[in-house]
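Here is the structure we will look at, set down as structure tokens.
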Amino acid sequence: MESLGYENVQLNALQLQKNELKQNLFTLQNKLKDVEGQLREAKDITKGLEAEKVKVSEKPQTDAECLRLKKKLEMYKDDEMENVCEALQADIEFLQMKLSQERLLSNK
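At position 26 of the sequence shown (counting the first as 1) the number is 26 in the numbering used here, and the numbers step up by one without a gap.
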């Protein structure tokens, strides 16, 4: 009889352990569902961001305003180079004139 009581206590302990494990399993399954939902959401966001990235990277080649501004910038660069070239030519002429004057003065 004592043996039966001991087995009953053991059985009850195992039953409690089983119930705890079931509860833990249920909790873990719920957490897994939450994490899977977050993962799906993150994948959707990533997919949207990748599409936006492609769209944004193509914009400078296709957007009329971007193309207009790019052309205008190139025009300014060309104008700036012309101004630099003119300034250098003026400096060269000035230095040549100065050199000629120094030669004239040294020949006298």
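C-beta atoms are modelled at their ideal positions from N, C-alpha and C, and glycine is treated no differently.
Open item on the list: Please report the straight-line C-alpha distance between LEU28 and GLN61, rounded to a whole angstrom.
Closed with: By 1-based counting over the sequence shown, the position of residue 28 is 28. By 1-based counting over the sequence shown, the position of residue 61 is 61. Each residue's alpha carbon lies about 50 Å from the other.
Open item on the list: If I follow the unbroken alpha helix (DSSP H) through ASP63, where does it start and stop?
Closed with: Numbered from its first residue, the sequence shown carries residue 63 at position 63. If you look at ASP63, you'll find it isn't in any alpha helix (DSSP H); DSSP assigns it neither H nor E.
- [ ] Kindly list the residues whose CB is nearer than 8 Å to the CB of GLU80, restricted to its own chain and excluding five residues on each side of it in sequence; keep chain order.
- [x] Here residue 80 refers to the residue found at position 80 of the sequence shown. Within the same chain, no Cβ atom closer than 8 Å to the Cβ of GLU80 is found once the five residues on either side in sequence are excluded.
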